[in-house]
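Chains as they are written, first to last, in my numbering: chain S, 8 to 224; chain D, -6 to 572. Scroll down for the structure; my scribbles are underneath it.
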């Protein structure tokens, strides 16, 4: 913890009380607590997960930033690091895990695959980026990103948290406690429940084009 | 270099039934499907081909044939016996299953059913394995096109040479990586339970009444998100109390379509993809692929490159085993302390990889006919410091601190037994097989590269339990250090690659199978070329995928808490398990 990090800059603390007393506002205190104890979910999908573990290990030591408490349960986690390729078979489980996390919750897309499909984008079982389903806060480029890049990305997330205000955040607003994303399901291919109407229209259009082509032939 | 030509002549042993494969560049024999089981039984029982290494399909679309290729070996060593079985490419396609002879074909035949749609009659549990039940189509068929399909082969004209790339999403009717039949209506679609077949595959659920107490067997799902499954692996276990009665692995949560993408890629574009198979050992994976393609090209590898391959490969093996130990102790409850020690050594090895190749994990270092960059004297010195000084010390430290820990030994000893016969039958390779008393190490029984020049032992133990699998690996690290030291002392100067490096090569038509002793077992690449710049068939036989076939056998009868350790000691990596 940086000394005087909590202090509002416009107040001067008398010298004899320096480091003992802080004058601050609620937002600053609230954000300071949250961002200094970001607990990631222990959840690795592919290669990037290994670099995530390396970032937790001795040399890079994410514990310096309060991010070392990996929680295997989504109920206790603050941030979901999507570390690896998201496949169609896996995405229902990921969305379910996200729904199970308590607010406030954040998503970090680690690596090329989680950000946009990466080298596997054209694959028939690959979802081209987790942002098709979850709201992503920070994207980290790399294949895989180095541990330094991951730490940098997490610091970005801390900066984002610093900008939030307790009076405006969504999880204290009236209404549902937490954001729920409709869970996709596995049919003949991956079906996103939010896009059922689009799929129906596109499939109908294809059918009319096909019959027109047959008629022409 | 390894040769797969065989002195055993199958067509003379079964005259009139078996034919030699006479296509140019091909090897092995063709067996008609109605005689397959008879010939296979003889091969195993009379001729000693007890280890069926790889089974895979090839779709010869233009010839209207579907082919299944088998690579069988003797567990005593020697080259491969390649045989093939062709059927007409008309649905429904059926072939006899060889699982009754080689149970190790189980998951590989399921994979062929999943990706090619060949039904194996007599298979005990033929379900889709990588994709889910209900997925439309068999994606590896040559006439099946994925949603983001643009062209048959790369480089794609939209990207090169014109370079007008648009997002793939804008080119498909659904605006996403999905494909549905024309007229598909998701509202009227009746969902089928994709898990139903899985649960029926488990032993029947039953209720027992014993001494007036009613007992239910329960089904427990572990994964795909579970801290001890080493990734997105999932297992479904039927339990009686804590005892496992039946267990089925569920794969495919990281199925990244390496093979489909690989058949669209040019040969050289596949090398970075091999890094992402077993992402701990990117320095070793591409070696097997290079071997296969070098065999097709007839390329020789310069001396210095061979030595560099050995040095990088053995460094990779050391860090792989160290990480395995760290993760094993995590699973056993000593959370992260041993892993921290393992990662300390791994970082030093990764520093070398980063320095010679440019990347910590995805090294992209091998090329056909050599390696891409030389190792400069500074890095050579770093490797020497590790191999002669630090690593030998650290291995002894690990061994002293961990191997005789009482809790550790009692958790490991006698658990997860697999008999030597079963180990061979299930096509298990790598340290698990050597812990069952079979001295099968491809570096020795079928040498590739320059491994025949080094003096090293194949560690073997005979109890075939978890402790033995652990101790075999400890000893393997010591042997790797021995190989490293010899290689570092004798490495010559010289070129590191044959010919001029080129981004696109044309490979003569034919087929080749390159296999290496990967830290986890046998890693093989089966490549079929049709003479163009892209592989016609690109199959990866990964040790994790085949070794996992024996998981149920090892787990039945043990406690559910031991499942995690047994799984950990198979040493799976999801990247190559699901590919």
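C-beta: ideal position from N, C-alpha, C; glycine also.
Just measuring C-alpha positions, the residue of D:146, D:142, D:317 sitting nearest residue 163 (chain D) is D:142. Around the Cβ of residue 117 (chain D), a 10 Å sphere holds fewer than 16 other Cβ atoms; the residue is exposed. With respect to the C-alpha of residue 552 (chain D), the residue from D:388, D:570, D:237, D:424 having the closest C-alpha is D:237.
Shown here, residue 179 (chain S) sits in a helix according to DSSP, grouped into three states. Exclusion of the five residues before and after residue 487 (chain D) leaves 295, 296, 297 as the residues of its chain whose Cβ lies within less than 6 angstroms of its Cβ. With a cutoff of 9 angstroms on beta-carbon distance, residue 532 (chain D) and residue 252 (chain D) are scored as near each other. Assignment of beta-bridge partners to residue 26 (chain D) by DSSP yields no partner. A contact is defined here as three or more CB-CB pairs under 8 angstroms, and the stretch 88 to 98 of chain S fails this definition with respect to the stretch 62 to 69 of chain S.
Residue environment analysis places residue 339 (chain D) among the buried positions, since at least 16 neighbouring C-beta atoms fall within 10 angstroms of its C-beta.
The continuous beta strand (DSSP E) containing residue 52 (chain D) extends over residues 44 to 53. When only Cα atoms are considered, residue 507 (chain D) and residue 222 (chain D) end up about 30 angstroms apart. Taking 8 angstroms as the cut-off between beta carbons, the residues of the stretch 145 to 175 of chain D near chain S are 161, 162, 166, 167, 168, 169, 170, 171, 172, 173, 174, 175, in sequence order. Against chain S, the CB of residue 312 (chain D) has no partner CB under 9 angstroms away; the residue lies outside that interface. Within the stretch 238 to 276 of chain D, no complete beta strand (DSSP E) segment of 3 residues or longer occurs. Note that the C-beta distance between residue 561 (chain D) and residue 539 (chain D) is not below 9 angstroms.
By the criterion of a C-beta distance shorter than 6 angstroms, residue 101 (chain D) is surrounded in its chain by 48, once the five residues flanking it on both sides are discounted. Membership of residue 209 (chain D) in the beta strand (DSSP E) is indicated by the continuous run 206 to 209.
When C-beta distances to chain S are compared with 8 angstroms, the residues of the stretch 218 to 238 of chain D below that value are 218, 219, 220, 224, 225, in chain order. Residue contact with chain S for residue 240 (chain D): absent (no Cβ-Cβ distance below 9 angstroms to any residue of chain S).
Spatial neighbours of residue 99 (chain D) in its own chain (CB-CB distance under 7 angstroms, excluding positions within 5 residues in sequence) are listed in chain order as 92, 542. For residue 391 (chain D), the nearest beta carbon of chain S is not closer than 9 angstroms to its own beta carbon.
In this structure, residue 386 (chain D) sits away from residue 425 (chain D), with a CB-CB distance that is not shorter than 9 angstroms.
9 angstroms or more divides the Cβ of residue 249 (chain D) from the Cβ of residue 564 (chain D).
A straight line joining the alpha-carbon of residue 209 (chain D) with that of residue 61 (chain S) spans about 43 angstroms. Residue 424 (chain D): member of the alpha helix (DSSP H) spanning 424 to 428, first to last residue. Rounded to whole angstroms, the separation of the alpha carbons of residue 33 (chain S) and residue 21 (chain S) is 21 angstroms.
Think of a sphere of 7 angstroms around the beta carbon of residue 338 (chain D): no beta carbon from chain S falls inside it, the nearest being about 11 angstroms out.
Along the stretch 73 to 97 of chain S, going in chain order, the ones with a CB nearer than 9 angstroms to a CB of chain D are 77, 79, 81, 91, 92, 94, 95, 96, 97. With a contact defined as Cβ atoms closer than 8 angstroms, residue 141 (chain S) and residue 102 (chain S) qualify at about 7 angstroms. Residue burial is scored here from C-beta neighbours: residue 217 (chain S) has fewer than 16 other C-beta atoms within 10 angstroms and is therefore classed as exposed. Looking from the CA of residue 229 (chain D), the closest CA among D:410, D:241, D:489 belongs to D:241. A distance below 9 angstroms separates the beta carbons of residue 49 (chain S) and residue 79 (chain S). The beta carbon of residue 185 (chain S) sits closer than 8 angstroms to the beta carbons of 106, 108, 109, 110, 112, 178 from its chain, once the five residues preceding and following it are set aside; these are given in chain order. When CB distances to chain D are screened at a threshold of 9 angstroms, the residues of the stretch 128 to 159 of chain S falling below it are 128, 129, 130, 131, 132, 133, 134, 135, 139, 150, 151, 153, 154, in chain order. Listed along the chain, the chain S residues whose CB falls inside 8 angstroms of the CB of residue 127 (chain D) are 193, 194, 195.
Annotated three-state conformation of residue 33 (chain D) is helix, per DSSP.
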